[in-house]
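First to last, the sequence lines map onto chains X and D.
Going by this note's numbering, the first sequence opens with residue -6, and the numbers climb by one from there.
Going by this note's numbering, the second sequence opens with residue -6, and the numbers climb by one from there.
Virtual Cβ for every residue (Gly too), placed ideally from N, Cα, C.
Note that the structure is predicted; figures quoted are calculated from it, not measured.
Structure, as C-alpha cells:
Protein chains: 2
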Amino acid sequence: MKNLSDRQQRILDFIRAYLDENGYPPSFREIGGNVGLKSPSSVDHQLKRLREMGYLQYEEGHFRSITLTDQEREVLPPQGMVPLVGNVAAGAPILAEEHVEEYIPFDAGPHPEDYFALRVRGESMLGAGILPDDLVIVRRQPEAYNGEIVVALFEDEATVKTLSRKNGEVWLLPENPDYEPIDGRACRILGKVVGLVRRY
Amino acid sequence: MKNLSDRQQRILDFIRAYLDENGYPPSFREIGGNVGLKSPSSVDHQLKRLREMGYLQYEEGHFRSITLTDQEREVLPPQGMVPLVGNVAAGAPILAEEHVEEYIPFDAGPHPEDYFALRVRGESMLGAGILPDDLVIVRRQPEAYNGEIVVALFEDEATVKTLSRKNGEVWLLPENPDYEPIDGRACRILGKVVGLVRRY
DNA sequence: GGAAAAGTCAAACATATGTTCTAAAAAAGT
DNA sequence: ACTTTTTTAGAACATATGTTTGACTTTTCC
C-alpha cells in the first residue's frame, strides 16, 4: 500500500472521528476546515485521490455520502482481542509457526499490536501454574527482568520459561524438576508473558 | 412506549436498512419515495413526530444528518465480556459478596448472561494450575459430573474444588495435599469452571 | 535552472436537500 | 353533522453542499 501524505492521513482520521461522533459523514467544507484546506475544491481533489487509492467511496451528486472502505472502517485488531499465532514449548522446544489461528479476548491496553498469544505444549512450567494447552498472552519486548516469565527463541524454536539473571549469567529455568535449565546466552527473548487464558 | 403507526414503523425500518446498506442516512425525498409520501414536507412532519418520541435525531440545516437513537441500534450486553463479581476461596472458604467489579474479556458464547468470574483466594487448587488471584470463569449450573472443577456454596461461602462422585458419595476435593476434602452433601453447586484468566 | 506534476485557492455555479406556507384530505372526537 | 386534530400534498423558497474552472504556488524531476 502506497504511503499517504500527512494531509491525506489527517483527512482519513477526521472522517473516521466525525463518523464515530455524529453517525453521518462530514461535508467537504467541514473536512477542509479541520485539516487546513480553505477551498472545497482542494478537498475534492484530495478525496478523489483517496477514492482512487481505495480508501473511501462517495457518490457524485449526493451530499454527505462519504463512506470509508471496509479496510478503514474496520477496527483493525478487534478491540480487546489478541491473535493466537501458534504453539510454544514448555518442554522440548517446538517450532513456533506463525499464522493467526483465532483471536483471544484479552484486554491488551492501548497498544494491542504488541501482544500475541501462544498455545503451550509440554509440562515444564507446571510449577508456575502453566499447563499444557493453556494460552499465554505475550507482550513483545527484547529484554526482561530476573524472575519474569518470558517466551524465548532458542534455535528457531520458542519456549516459555522463567528468566534468571544472576552473577552476570542468564538462564531459562523450567518450573518442573523433570526438566533442565537452558543457557540463556544462546537465545533471544521474544517477549514477556503478561497473561494466561485457559479454557476447560 | 407509545405505539407507532404503520407508516412511522416503515420509516424507521427504511432508515435503518438504508444506513446499513449505504453507511450514511437517506434524504427526506428518498424516505418519502420508499414509504409512499409524495412531499418532503410530509416526511418532515413524520420525522418531527418521531424525533419528539425519541426514536431518532437530526440537525436542522444539515443534509442527511438523521441518526437513530441509541435504543434503536445498541448492542445490549458488552460482547465477549463476563462480569467479575467477587472472590472465591480455594482454601478456607471466603464470603462471596456479589457486586460487579469489572468486566473480563472472555468468549462466553451465545448465552453470556449465564457466565461470571470470580477471583481465587488461597492455594488449595495449586495442583490444578489454579493460583491465588487467578480469575475463574464460571457457568451457572446446578449440577456437574465427576472430575469437573466447580464453584460450590458451602455455608454461605464459595469455594473452587474438584467434584468427586463415587459410590453415591459426593466430595469436593482440593488439589493440594495440605488441604482437606469437604463433604459435598453440605453444599450447593453454583456452577462449573469453564475458563481461567491470569494477569501477571 | 527549467519543465512537469501536484497541491491549493477563490469565485462562480448547479443542484440536492431541508424548510416554510397554504390548502386539501382523512381521521378522530363530540 | 360539526368541529378538531392529524396527515398529506404542492409550490415556492433558502441554503448547504458538491462541481467546475482558471490561476497561482509548491514540489518533484530531469
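Reference D/Y137; option with closest CA among D/V186, D/R44, D/A121 and D/L77: Taking the first residue of the second sequence as position 1, residue 137 of chain D is located at position 144. It is Ala, not Tyr, that sits at residue 137 of chain D in the sequence shown. Closest option to D/A137, Cα to Cα, is D/V186.
Cβ-Cβ distance between X/V78 and X/I130 below 8 angstroms: Along the first sequence, read from residue 1 onward, the residue named residue 78 of chain X stands at position 85. Along the first sequence, read from residue 1 onward, the residue named residue 130 of chain X stands at position 137. No. Outside cutoff.
CA-to-CA distance, X/A145 to X/I115, given in whole angstroms: Indexing the first sequence from 1 puts residue 115 of chain X at position 122. Indexing the first sequence from 1 puts residue 145 of chain X at position 152. As written in the sequence, residue 115 of chain X is Gly, which differs from the Ile given in the question. Answer to the nearest angstrom: the Cα atoms are 15 angstroms apart.
Backbone secondary structure at X/Q134 - three-state DSSP: Position 141 of the first sequence, counted from the start, is the residue given in the question as residue 134 of chain X. Coil at X/Q134, not helix or strand.
At least 3 beta-carbon pairs within less than 8 angstroms: the region -2 to 11 of chain D vs the region 154 to 162 of chain X: no
Helix, strand or coil at D/Y11 [DSSP, three-state]: Position 18 of the second sequence, counting from 1, holds the residue named residue 11 of chain D. Looking at D/Y11 - three-state DSSP - the assignment turns out to be helix.
Among D/G177, D/V190, D/G26 and D/G120, nearest to D/A151 - alpha-carbon criterion: Taking the second sequence and counting its residues from 1, one reaches residue 151 of chain D at position 158. When each option's Cα is compared against that of D/A151, the closest is D/G177.
Which of helix, strand or coil DSSP assigns to D/E95: For this step, residue 95 of chain D is matched to residue 102 along the second sequence. Strand, per DSSP.
9 angstroms Cβ cut-off: residues of chain X touching D/L221: No statement about residue 221 of chain D is possible, as the shown extent of chain D runs from -6 to 193 and does not include it.
Span separating the alpha-carbon of D/M118 from that of D/R191: Locating residue 118 of chain D in the second sequence gives position 125, where the first residue counts as 1. Locating residue 191 of chain D in the second sequence gives position 198, where the first residue counts as 1. Computed Cα separation, rounded: 14 angstroms.
Buried or exposed by the 16-neighbour rule on C-beta atoms within 10 Å, applied to D/A121: Indexing the second sequence from 1 puts residue 121 of chain D at position 128. D/A121 should be labelled buried.
Ranges of the alpha helix (DSSP H) found wholly within the region 12 to 52 of chain D, counting only runs of at least 4: 21 to 28 and 33 to 45
Residues, ordered as in the chain, of the region 146 to 163 of chain X that lie near chain D by beta-carbon distance below 9 angstroms: Within the region 146 to 163 of chain X, no residue has a Cβ that lies closer than 9 angstroms to any Cβ of chain D.
Three-state secondary structure assigned by DSSP to X/A179: For the purposes of this step, residue 179 of chain X is taken as the residue at position 186 of the first sequence. In the structure shown, X/A179 sits in a helix (DSSP, three-state: H, G or I).
D/L189 at chain X interface by Cβ criterion, 8 angstroms: Position 196 of the second sequence holds residue 189 of chain D. Interface residue, yes.
Burial state of D/P105 (16 or more Cβ within 10 Å): Position 112 of the second sequence, counted from the first residue, corresponds to residue 105 of chain D. Buried is the call here.
Residue from X/T62, X/K41 and X/N15 with nearest C-alpha to D/H55: Indexing the second sequence from 1 puts residue 55 of chain D at position 62. Closest by alpha carbon: X/N15.
X/S157 - partner residues in DSSP beta bridges: Numbered from 1 along the first sequence, position 164 holds the residue referred to as residue 157 of chain X. Answer is X/W164, bridged to X/S157.
Closest Cα partner of X/D107 within the set X/V153, X/E95 and X/G184: Taking the first sequence and counting its residues from 1, the one referred to as residue 107 of chain X is at position 114. Considering only alpha carbons, the answer is X/G184.
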